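Structure, as structure tokens:
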Amino acid sequence: IGVIQPECAHGYAITGQSARDALWYSSFVIWALGIVWIIVIICMVGRIKLAIALNKVAAQYLSTNPSTVLIPVVQALIAIIWCIAWFYSISFLLSQVPDSYTPKQAYATYSEAFGTQSNCSIYEFGD
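Residue numbers (the working numbering): 516 to 642.
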């Protein structure tokens with residue numbers, strides 16, 4: 516399964532014996548996980564065959580009805596047109612706000628920006 520190599524003439528890349536031992540034993544864990552994966556694949560052979568058969572039927576359907584491939588494309592185009600119409604409507608609506616309606620100066624505090632001048636509030640931001 517693996518290549519057994521002799522001891523390195525120029526030393527090991529991992530100098531500590533405990534680190535090499537940890538890697539040696541963790542390799543067994545990785546091999547065990549690989550074996551578990553193979554067992555899972557073997558247990559799922561029936562499901563895999565079912566998925567292959569389903570894909571074959573879907574491919575046959577698409578070969579007889581190729582226009583169904585265009586449905587997602589048309590839906591995407593309709594969604595893009597819808598978004599463009601909304602963006603146009605929103606920009607038109609925002610352009611109707613008069614220039615004098617919003618203030619132009621900067622705010623010194625949050626309470627001034629919120630329009631509240633209370634000394635007692637839920638959130639204290641400090642000065």
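Cβ coordinates follow ideal geometry from the N, Cα and C atoms, glycine included.
These figures come from a predicted structure and were not determined experimentally.
Backbone secondary structure at residue i - three-state DSSP
i      : result
Tyr622 : coil
Thr583 : helix
Ile545 : helix
Ala528 : coil
Distance between residue j and residue i (C-alpha atoms, nearest Å)
i      : j      : result
Val555 : Leu548 : 10 Å
Met559 : Ala573 : 21 Å
Ala528 : Ala534 : 11 Å
Leu569 : Gly561 : 12 Å
Asp614 : Phe607 : 14 Å
Pro581 : Gln575 : 10 Å
Val544 : Lys564 : 30 Å
Gly630 : Ile593 : 42 Å
Leu585 : Thr624 : 55 Å
Val588 : Leu609 : 31 Å
Lys571 : Thr583 : 16 Å
Gly531 : Ala591 : 59 Å
Ile595 : Trp601 : 10 Å
Ala628 : Tyr616 : 15 Å
Val551 : Trp597 : 50 Å
Ile553 : Asp536 : 26 Å
Restricting to runs no shorter than 4 residues, where is the alpha helix (DSSP H) found entirely within the segment 548-616? 560-579, 585-610
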